[in-house]
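Here's the structure, in C-alpha cells; my notes come after.
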Amino acid sequence: MAKRKKINSTTEAEIMFKADRKCCVCNELGHHIHHIDGNNSNNEFDNLALLCFICHDNASSFGNLGKKLSANTIKKYRNHQYAVIEAQRSSMLQTPTRTINKVNDTDLFNAALSAGILLEIVKIEDSYFKASWNKKDEILDELSKHYDFSTYRISAYVIEFLLKASNSTRHGMPYSVASKIHSLIICYFPPINGKDSKQKVYDLGKVVLNIGFNMAYDAFIKLDNYYLAANGVSIFKIAYKEAKRTKNVKLINEVYKRYEELESTLNRPERKDLISAIELVKIFKADIDKGTLAYPILPEPLYTKFISDREK
Ligand SMILES: [Zn+2]
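Take the sequence shown: its position 236, counting from 1, is numbered 260 in our numbering, and each next residue is one higher.
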C-alpha cells in the first residue's frame with residue numbers, strides 16, 4: 025500500500041464543517057477521517073468520510089467477516105449526511121416570507137444596505153481563509169464594523185462563517201484569533217432587533233455552541249492548550265445567557281447537553297492527561313448561572329497549567 029499522506033488542513037476543515045463533526049453513519053461525535061477505498065494516500069474529497077471510533081472500527085477490518093461497513097454503504101451515508109446538514113443550514117437562513125404591500129424608501133434603503141453588508145462579509149470570509157494565522161485576527165476585526173446594521177440573516181451568515189473558522193482550531197489557531205471569534209459572537213448573538221422567534225434564536229444558538237465545542241475539543245485534545253480551550257468553553261456561556269434571559273428552555277437544555285458531550289468525549293482511558301481537562305469543564309459548567317462572562321476561579325494545579333498555556 026502507498027505511503028500515508030497527510031490530509032491537508034483545508035480539506036480536513038471542509039469535511040468537519042460539512043459533517044458538522046458528526047459520524048456519518050451513527051451521528052455521534054466523529055473522530056476519524058476515514059479513507060473509504062482503504063488507500064490511505066488517496067486524499068480525494070470524495071474518498072473521505074468522518075466516522076466515530078466504533079464505526080471506524082466496523083469499516084476498517086479488511087478481508088474479514090467482521091467488516092460490517094462496505095465502501096459503498098459509507099459513501100451513501102456520507103452523501104446523505106452532507107445533504108441533510110446543508111438543508112438544515114439553509115433552512116436556518118430562511119425567514120418566513122411576508123407579502124409586502126407598501127414599500128417605502130426607508131425599507132428600500134435598508135434592503136440595499138443589508139445586501140451591501142453581506143457582500144462585504146463574503147469578501148472578508150474569502151480573505152480570512154486565504155490568510156496566514158498572524159493576519160487572521162486583523163481580518164476578523166473588519167467584521168465588527170458591521171454589526172450595528174445587522175439583521176438575523178447577517179448574524180446567521182457571520183456565525184456560520186465563524187463555525188467554519190472554528191473547524192481549523194486544531195491547526196494551531198492562536199489565542200488572538202480565538203478570542204476575536206469569542207467577541208464577534210458576543211456582537212452577533214443574539215441577532216439585533218430581538219424580534220426573532222425562539223426557534224430562530226435556538227437555531228443560531230446551536231451553531232454558537234458548535235463553535236465553542238469545536239474550539240474546546242481541538243484545544244484540549246489536539247493542542248493541549250487549556251487557555252485556548254477555556255475560550256471555547258466560555259462561548260457556551262454566551263448562548264446560555266441569552267437562553268436564560270428569554271427563557272428559551274430548548275436552548276438551555278442544549279447548553280447542558282454540549283457540556284456533557286464535551287465531558288464524555290474527554291473521558292478517555294488512554295488519555296490520562298485529559299483528567300484535568302474534565303475538571304476544567306466541570307468548573308465552567310458549575311459557574312454558568314453567575315450571569316457574568318468572566319472566567320471562574322481555578323484551583324491549583326489547574327491554574328498553573330492554564331497560565332502557562334497562555335504563553336503557547
Ligand atoms: Zn459512528
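Every residue, glycine too, gets a C-beta built ideally from N, C-alpha and C.
Rounded to the nearest angstrom, what separates residue i and residue j at their Cα positions?
i: ILE321; j: GLY315; result: 15 Å
i: GLU294; j: ASP131; result: 59 Å
i: ILE235; j: LEU298; result: 20 Å
i: HIS104; j: CYS48; result: 8 Å
i: SER221; j: PRO215; result: 11 Å
i: PHE133; j: THR193; result: 38 Å
i: GLN223; j: ALA301; result: 32 Å
i: TYR280; j: LEU228; result: 16 Å
i: ILE100; j: PHE330; result: In the sequence as displayed, the identity of residue 100 is Lys instead of Ile. Each residue's Cα considered, the two are about 43 Å apart.
i: SER179; j: SER85; result: 45 Å
i: SER33; j: TYR319; result: 31 Å
i: CYS79; j: ASN125; result: 54 Å
i: LYS46; j: ARG102; result: 10 Å
i: THR123; j: ALA135; result: 15 Å
i: ASN291; j: ILE245; result: 11 Å
i: ARG334; j: ASN255; result: 11 Å
i: PHE153; j: ALA189; result: 8 Å
i: VAL273; j: VAL257; result: 20 Å
i: HIS195; j: ILE31; result: 12 Å
i: ASN277; j: ASN128; result: 42 Å
i: HIS59; j: GLU38; result: 15 Å
i: ALA111; j: TYR181; result: 15 Å
i: ASP311; j: GLU287; result: 15 Å
i: ASP70; j: SER114; result: 22 Å
i: TRP157; j: SER151; result: 12 Å
i: GLY87; j: SER207; result: Note that GLY87 has pLDDT 49, beneath the 50 cutoff, so the model's placement of it is unreliable and no number is given.
i: PRO323; j: GLU285; result: 23 Å
i: ASN51; j: ALA107; result: 14 Å
i: TYR171; j: ARG269; result: 21 Å
i: LYS336; j: LEU143; result: 35 Å
i: LEU296; j: LEU317; result: Per the sequence shown, the amino acid found at residue 296 is Lys instead of Leu. C-alpha separation (whole angstroms): 29 Å.
i: ASP81; j: SER332; result: 37 Å
i: ILE148; j: ILE109; result: 24 Å
i: ASP313; j: ASN63; result: 49 Å
i: PHE185; j: ALA155; result: 15 Å
i: THR328; j: LYS271; result: 37 Å
Give me the Cβ distance between residue i and residue j, rounded to the nearest whole Å; I'm assuming they're in contact under 8 Å.
i: TYR241; j: THR175; result: 31 Å between Cβ atoms; not a contact.
i: MET239; j: ALA202; result: 6 Å
i: PHE41; j: HIS55; result: The pair is not a contact, with the Cβ atoms about 16 Å apart (cut-off 8 Å).
i: ALA95; j: ASP61; result: 6 Å
i: LEU304; j: TYR264; result: Contact flag wrong, Cβ pair sits at about 17 Å.
i: SER65; j: LYS29; result: 5 Å
i: LEU164; j: TYR226; result: Actually they are not in contact, since the Cβ atoms of LEU164 and TYR226 sit about 25 Å apart, beyond 8 Å.
i: ILE262; j: VAL232; result: 6 Å
i: ILE98; j: LEU74; result: Going by Cβ atoms, the distance from ILE98 to LEU74 rounds to 10 Å, so no, they are not a contact pair.
Residue i CB to nearest chain B CB: under 8 Å?
i: LEU252; result: Absence of chain B from the displayed structure is noted, only one protein chain being present.
Taking the alpha carbon of residue i as the reference point, which residue from the options has its own alpha carbon closest?
i: GLU162; options: ASN234, ASP44, ILE31 and PRO198; result: PRO198
i: ILE209; options: PHE69, LYS224, GLY196 and LEU187; result: LEU187
i: ALA43; options: LEU72, TYR171, ASN66 and ALA139; result: LEU72
i: SER200; options: LEU304, ALA37, ALA107 and LEU252; result: LEU252
i: LEU137; options: TYR181, PHE173 and SER115; result: PHE173
i: LEU326; options: ASP248, ILE39, ASP313 and TYR226; result: ASP248
i: LYS169; options: GLY140, ILE31, ASN67 and SER115; result: GLY140
i: GLU16; options: LEU53, GLU149, GLU68 and ASN51; result: Because the chain in this structure spans residues 25 to 336, residue 16 falls outside the shown range and cannot be described.
i: ILE259; options: LYS309, THR97, THR328 and ILE57; result: LYS309
i: ALA243; options: LYS306, ARG282 and ASN191; result: ASN191
i: ILE183; options: TYR212, GLU166 and TYR171; result: TYR212
i: SER117; options: LYS160, ARG177 and ILE307; result: Reading off the sequence, residue 117 comes out as Leu, not Ser. If we check each option's Cα against that of LEU117, ARG177 comes out closest.
i: ILE145; options: LEU167, LYS160, VAL108 and ILE205; result: LEU167
i: TYR283; options: ILE307, LYS271, ARG269 and ALA107; result: ILE307
i: LYS159; options: LYS204, PHE185 and TYR171; result: LYS204
i: PRO53; options: LEU317, SER332, PHE237 and THR328; result: Pro is not the amino acid found at residue 53; the sequence shown has Leu there. Comparing Cα positions, the closest option is PHE237.
Would the beta-carbon of residue i be found less than 7 Å away from any heavy atom of ligand 2?
i: ARG292; result: With respect to ligand 2, the structure shown offers nothing to examine, as its ligands consist of ligand 1.
In chain order, each alpha helix (DSSP H) run of at least 4 residues that lies wholly inside the stretch 30-105: With a minimum length of 4 residues, the continuous alpha helix (DSSP H) runs that stay inside the stretch 30-105 are 33-42 and 77-84.
Sequence ranges, alpha helix (DSSP H) only - wholly within the stretch 265-331, length at least 4: 273-290 and 299-310
Residues around ligand 1, please: the ones whose beta-carbon is closer than 6 Å to some heavy atom of it, in chain order. CYS47, VAL49, CYS50, GLU52, LEU75, CYS76, ILE78 and CYS79
Suppose only complete runs of 3+ residues qualify. What are the beta strand (DSSP E) ranges in the stretch 132-214, listed by chain order? none
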